[in-house]
Amino acid sequence: MQDTSRPIVLISGAGVAGPALAFWLERCGIEPVLIETAPTLRTDGYMIDFWGVGYDVAEIMGLLPQLKRLSYDMSEVRFVDDAGRTAGGFSADLLRSAVGGRYFSIPRSDLAGEIYRSLEGRVETIFGDSITSIEQDDAAVRVTFHHAAPRQVDLVIGADGLHSRVRQLVFGPEADFEKYLGYYVASFTVEGYPHRDEGDFVSYGVPGRQIARYALRGNRTAFFFNWAEDRKLPFDHRDVVAQKELLAQRFGGAGWETDAILAMLPSCSDLYFDSVSQIRMDRWSTGRVALLGDAAFCPSLLAGQGTAFAMIAAYVLAGELDRAHGDFARAFKNYDTTLRTFIESKQQSASRFGSWLVPRTKGGLFLRNQVTRLMSLPFVGDWMMRSAFSDNFTLPGYRIGRAAPNASAGQGAAS
Ligand SMILES: Cc1cc2nc3c(=O)[nH]c(=O)nc-3n(C[C@H](O)[C@H](O)[C@H](O)COP(=O)(O)OP(=O)(O)OC[C@H]3O[C@@H](n4cnc5c(N)ncnc54)[C@H](O)[C@@H]3O)c2cc1C
Numbered sequence: 003m004q005d006t007s008r009p010i011v012l013i014s015g016a017g018v019a020g021p022a023l024a025f026w027l028e029r030c031g032i033e034p035v036l037i038e039t040a041p042t043l044r045t046d047g048y049m050i051d052f053w054g055v056g057y058d059v060a061e062i063m064g065l066l067p068q069l070k071r072l073s074y075d076m077s078e079v080r081f082v083d084d085a086g087r088t089a090g091g092f093s094a095d096l097l098r099s100a101v102g103g104r105y106f107s108i109p110r111s112d113l114a115g116e117i118y119r120s121l122e123g124r125v126e127t128i129f130g131d132s133i134t135s136i137e138q139d140d141a142a143v144r145v146t147f148h149h150a151a152p153r154q155v156d157l158v159i160g161a162d163g164l165h166s167r168v169r170q171l172v173f174g175p176e177a178d179f180e181k182y183l184g185y186y187v188a189s190f191t192v193e194g195y196p197h198r199d200e201g202d203f204v205s206y207g208v209p210g211r212q213i214a215r216y217a218l219r220g221n222r223t224a225f226f227f228n229w230a231e232d233r234k235l236p237f238d239h240r241d242v243v244a245q246k247e248l249l250a251q252r253f254g255g256a257g258w259e260t261d262a263i264l265a266m267l268p269s270c271s272d273l274y275f276d277s278v279s280q281i282r283m284d285r286w287s288t289g290r291v292a293l294l295g296d297a298a299f300c301p302s303l304l305a306g307q308g309t310a311f312a313m314i315a316a317y318v319l320a321g322e323l324d325r326a327h328g329d330f331a332r333a334f335k336n337y338d339t340t341l342r343t344f345i346e347s348k349q350q351s352a353s354r355f356g357s358w359l360v361p362r363t364k365g366g367l368f369l370r371n372q373v374t375r376l377m378s379l380p381f382v383g384d385w386m387m388r389s390a391f392s393d394n395f396t397l398p399g400y401r402i403g404r405a406a407p408n409a410s411a412g413q414g415a416a417s
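Everything in the sequence shown is counted per my numbering, starting at 3 for the first residue and increasing by one.
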């Protein structure tokens, strides 16, 4: 039952950004309603690294204990040759020490799931539906859906990812905002893969292709594929059969364990497959509609911090809406000014990282592996990690942050 005295914000997308925003809005007397196209929370199997100011936000939200229980402590990133011998890599301790131990790896679905569980039962969520039209004027936004009855709400937030429906309906076609970075990514998990190397992120490369595995609990293994494609592939990003065929074609016969891994592909049910792209927009709002997370500023997996940015942005957007006391135009403007420089500089660094992740030549692969070996030298690895992993951003100290369950914790929050 909706409380008609509270402003209502419809949030499209129950990934990371959407539930994080709902978490904060609920605390400042605004009623969030989530709508998610999937029939339940998504469980696609890719791992993420989690650190920086986003880690501080998770701490203020009081989520760290649960997240740490679900997380993995990586021991080593190891690049191997065709025979499985170490060709490069570095200890994950370097990474942890660069961020004062405030770092872990976790399946994206577990992070999203924990944020959602923190508000489950208190926030209305419509699963298995999607927005079909958005019309706004000075007084309200009118929204229609595939299945649900039309609604009138105060604001609409598109937190529906890289292929945002809200962005497409209100701001224009995806192609107007997408910057394709020249790579594709796929990931899936299976049970019973025989090679484990617990704690190690084991990665094998040939020019233009990189494949990696990481052992999960319950005898499961997560696999990652990254490869270079000069142009975007002309097929539907939801066509799983075509995706599996393409993956087998691009990686078949590449060497190391590749064929054994590809043999598991037909039985996987959680394939993630997409282009490596960024979303770059001059503004993240228009009237009563704003975008958040990947929908607004997808940094791509090359940033290694998209979930952290989504959580930071959710906190800032809610904090500004709370501060603005109903002046949503001011809130949206401040949301943009507070985050833009930080996000854009991260997008720029990420777009340069592809050739390190997937070198396109034998020489490039050799060089990448040798550089990672140098990281074990005293001070060198530490210096490299600190420069790559620092967040030049101070979390604003909003009233909502102080009202949260673990308000004293966030180290980055300015008072
Ligand atoms: C392979 C890979 C590795 C990555 N590694 C890292 C990493 O190491 N560290 C890190 O921090 N980030 C990483 N990222 C990035 C990170 O996953 C994203 O930046 C983050 O998930 C963005 O959160 P979001 O909530 O904005 O979008 P998403 O997590 O994509 O959630 C969007 C939600 O919207 C839903 N949706 C889509 N369309 C509609 C619609 N029409 N109506 C309603 N709902 C809809 C989707 O089902 C989904 O639930 C990685 C990404 C990839 C692909």
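Built from N, CA and C at the ideal position, the CB exists for glycine as well. For clarity, every value in this text was computed on a predicted model and none was experimentally measured.
With 16 other Cβ atoms within 10 Å as the buried cut-off, status of P41:
Per the 10 Å Cβ criterion, exposed.
Less than 7 Å between C-beta atoms, sequence neighbours within five positions excluded: which residues of the same chain meet that for G91?
Excluding positions up to five away in sequence, the list reads E78, V79, R80, F81, T374.
For S279, name the three-state secondary structure that DSSP assigns.
Residue state, collapsed to three classes: strand.
Relative to the alpha-carbon of F381, which residue among G20, I37, S99, R222 has its alpha-carbon at the smallest distance?
The shortest C-alpha to C-alpha distance from F381 to any of G20, I37, S99, R222 is the one to S99.
Looking at ligand 1, does it come within less than 7 Å of E200, judged from the CB to the closest heavy atom?
In this structure, E200 has its CB at a distance of at least 7 Å from all heavy atoms of ligand 1.
Less than 8 Å between the CB atoms is what I'm expecting for E116 and L157, so what's the real figure, rounded?
Between L157 and E116 the Cβ distance is about 25 Å, and since that is not below 8 Å, they are no contact.
Assuming the contact rule is C-beta atoms closer than 8 Å, Y274 and Y48 should be a hit. Round their C-beta distance to whole Å, please.
The Cβ separation is near 5 Å, so the contact holds.
Counterpart residues of V11 in DSSP-defined beta bridges:
Paired residue(s): P34, L157.
By the three-class DSSP mapping on this structure, what secondary structure does D51 have?
When secondary structure is reduced to three states using DSSP, D51 falls in the strand class.
Look up N228 in the DSSP assignment and give the residues it is bridged to.
Answer is V187, Q212.
Integer-rounded CB distance, given that V187 should sit under 8 Å from L264
Contact between L264 and V187 does not hold, since the beta-carbon distance rounds to 16 Å and is not under 8 Å.
Looking at the structure shown, is T127 part of a helix, part of a strand, or coil, going by DSSP?
Strand.
Quick one: is S269 buried, meaning 16 or more other Cβ sit within 10 Å of its Cβ, or exposed?
Counting every other CB atom within 10 Å of its CB across the protein chains shown gives S269 a total below 16, marking it as exposed.
Should the segment 49-59 be regarded as contacting the segment 138-148, the criterion being three or more beta carbon pairs within less than 8 Å?
Judged by pairs of C-beta atoms under 8 Å, the segment 49-59 does not touch the segment 138-148, as fewer than three such pairs exist.
Return yes when the C-beta of D83 is under 7 Å from any heavy atom of ligand 1, and no when it is not.
No; taking the cut-off as 7 Å, the Cβ of D83 has no heavy atom of ligand 1 nearer than that.
In three-state DSSP terms, what is Y195?
Shown here, Y195 sits in coil according to DSSP, grouped into three states, outside any helix or strand.
Taking the alpha carbon of T45 as the reference point, which residue from G321, S93, T191 has its own alpha carbon closest?
For the options G321, S93, T191, the alpha carbon positioned closest to that of T45 is the one of T191.
Nearest-angstrom Cα distance between N228 and A150?
Distance between the alpha carbons of N228 and A150: 38 Å.
In whole angstroms, what is the alpha-carbon distance linking G321 and I37?
The C-alpha of I37 is placed about 22 Å away from the C-alpha of G321.
With DSSP as the reference, please indicate the residues paired to R80 in a beta bridge.
DSSP, once it has assigned bridges, lists G91, V204 as partnering R80.
Note the first and the last residue of the continuous alpha helix (DSSP H) segment covering V172.
For V172, the enclosing alpha helix (DSSP H) starts and ends at 167-172.
Proximity below 8 Å, CB of L379 to CB of A19
No. Outside cutoff.
Contacts around A60, its chain only, beta-carbon distance under 7 Å, and the 5 residues preceding and following it disregarded
Around A60: L66, L69, M313.
Using 8 Å as the threshold, is the C-beta distance between A310 and Y57 below it?
Yes; because the gap between Cβ atoms is below 8 Å, this pair is in contact.
Under the three-state reduction of DSSP, which class applies to R104: helix, strand or coil?
Here R104 sits in coil by DSSP.
Backbone CA spacing between D329 and R282 [nearest angstrom]:
If I take the Cα positions, the gap works out to 26 Å.
Taking the Cβ atom as the reference point for each residue, do F129 and T288 lie within a distance shorter than 8 Å?
Their beta carbons are not under 8 Å apart, which means F129 does not touch T288 by this criterion.
Would you say the beta carbon of R44 comes nearer than 7 Å to a heavy atom of ligand 1?
Correct: R44 has its Cβ closer than 7 Å to ligand 1.
Measure the alpha-carbon distance for G102 versus Q154 and round it to whole angstroms.
Cα to Cα, the separation comes out at about 46 Å.
Out of curiosity, what's the CA-to-CA distance linking P196 and G220?
Separation of P196 and G220 (C-alpha to C-alpha, rounded to the nearest whole angstrom) is 13 Å.
Pick helix, strand or coil for S392, following the three-state DSSP scheme.
Residue state, collapsed to three classes: coil.
Quick one: measure Cβ to Cβ for G308 and C300, integer angstroms, because I've assumed they're closer than 8 Å.
In this structure, G308 and C300 form a Cβ contact; the two beta carbons are roughly 7 Å apart against a cut-off of 8 Å.
Whether or not the segment 160-178 and the segment 198-214 are in contact is what I'm after, with contact meaning three or more pairs of Cβ atoms, one per stretch, closer than 8 Å; do they touch?
Taking 8 Å as the limit for Cβ pairs, the verdict is that the segment 160-178 does not touch the segment 198-214.
Around the Cβ of A177, are there at least 16 other Cβ atoms within 10 angstroms (buried) or fewer (exposed)?
A residue is called buried when at least 16 other Cβ atoms come within 10 angstroms of its Cβ; A177 does not meet this threshold and is exposed.
Smallest Cα separation from I345: which of S189, V242, R240, R285?
Of all alpha-carbon atoms in S189, V242, R240, R285, the one lying nearest the alpha-carbon of I345 is that of R285.
Once the 5 residues before and after P152 are set aside, which same chain residues still bring their CB inside 6 Å of it?
Excluding sequence neighbours, P152 sits near T146.
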